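Right, one structure below, let's go through it.
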Amino acid sequence: MDAMEKNMKLTHKIIVVAGATGLQGRAVTHHLLRDGWQVRALTRNPHGARATALAQAGAQVVRARMEDVDSLTVAAEGAWGLFSVQPTVGSPGTAPDFTAEDEVRWGMNVAEAAHAAGIGHFVFTSVAAADRPMARPRTSPTASKSTSAPDPTTSASAS
């Protein structure tokens with residue numbers, strides 16, 4: 287299959303990017319668009335400069351909030367995959383009273399919405415402690431358990 291045929295197949299598949307206006311989400315959105323995917327970019331502020339730039343690049347920008355499962359589920363309907371960048375305590379744009387419990391709950395909301403919408407491919411990522419080593423993930427195992435995905439800290443391949 288040549289590149290043109292591959293791109294024709296991809297244009298019928300939608301990838302939802304939750305956290306699309308953040309640094310990691312924007313990079314993922316731009317790479318997916320460049321590779322021929324349709325991207326539904328989720329943001330709290332669809333009229334902001336970053337969201338507008340994503341729309342101009344070809345993404346479908348949709349307002350959805352990670353604390354609102356219903357808005358996430360509606361935004362995920364009909365999509366093939368979902369890439370979620372979880373905000374962490376102290377992330378730009380999060381409220382000053384945003385807690386680790388909120389982070390876990392929001393991650394579980396995204397996982398629940400992906401499951402409810404029938405998403406077949408789900409990538410869950412975070413920027414927590416990206417600048418320092420961690421003995422184990424803090425929040426992703428909780429979200430993994432909620433989606434029946436293998437827990438990376440207990441699987442046979444974890445080292």
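Under this note's numbering, the first residue of the sequence shown is numbered 287, with each subsequent residue one higher.
Each residue gets a CB set at the ideal place from its N, CA and C atoms; glycine is no exception.
Being a predicted model, the structure only gives us computed values, none of them experimental.
>> Assuming S412 is part of the alpha helix (DSSP H), what are its boundary residues?
In response: Looking at the DSSP string, S412 is not in any alpha helix (DSSP H); the run it does join, the beta strand (DSSP E), is 407-412.
> Taking G344 as the reference, which of A350, R336, R351 has the closest Cα?
Replying inline: R336
> So does the region 297-313 actually touch the region 345-358, counting three or more Cβ pairs closer than 8 Å?
Replying inline: Contact between the region 297-313 and the region 345-358 is established, with three or more Cβ pairs separated by less than 8 Å.
> Of all the options H401, P373, G364, I405, which has the alpha carbon lying nearest to the alpha carbon of V411?
Replying inline: Contrary to the premise, residue 411 reads as Thr rather than Val in this sequence. Of H401, P373, G364, I405, the residue nearest in Cα terms is P373.
>> Output needed for V409: all residues of its chain with C-beta closer than 6 Å, excluding positions within five of it in sequence on either side, in chain order.
In response: Closer than 6 Å at the Cβ level, and outside the excluded window around V409, lie F369.
> If we call anything under 8 Å between Cβ atoms a contact, is T328 one with A365?
Replying inline: According to the sequence shown, residue 328 is Leu rather than Thr. Going by C-beta atoms, L328 is not nearer than 8 Å to A365.
> Relative to the ligand ZN, is the shortest distance from any of its heavy atoms to the C-beta of E398 smaller than 7 Å?
Replying inline: Because no ligand of any kind appears in the structure shown, any question about the ligand ZN cannot be addressed here.
> Can you tell me whether T315 is buried or exposed, with buried defined as 16 or more other CB within 10 angstroms of its CB?
Replying inline: buried
> Which value, in whole angstroms, describes the spacing of the CA atoms of E493 and V375?
Replying inline: The first residue shown for the chain is 287 and the last is 445, placing residue 493 beyond what the model contains.
> Which ranges would you report for the beta strand (DSSP E) in the region 290-360 if only whole runs of at least 3 residues count?
Replying inline: Listed in chain order, they are 300-304, 324-329, 346-349.
> Nearest CA to the CA of N331: which residue from R312, A313, D321, R351?
Replying inline: R351
>> So E353 and A403 are supposed to be a Cβ contact under 8 Å. How far apart are they, rounded?
In response: Not quite, the Cβ-Cβ distance comes to about 17 Å (not below 8 Å), so this is no contact.
> Which full runs of the beta strand (DSSP E) of 3+ residues lie inside the region 366-392, going along the chain?
Replying inline: Counting only runs of 3 or more, we get 367-372.
> Do you know whose CA, among M394, E389, A341, P378, lies nearest D356's CA?
Replying inline: M394
> Can you list, in chain order, the residues of its chain whose CB lies under 8 Å from that of A442, leaving out five sequence neighbours each side?
Replying inline: Any reading at A442 must be qualified, since the residue scores a pLDDT of 43, below 50, and its modelled position is unreliable; no value is offered.
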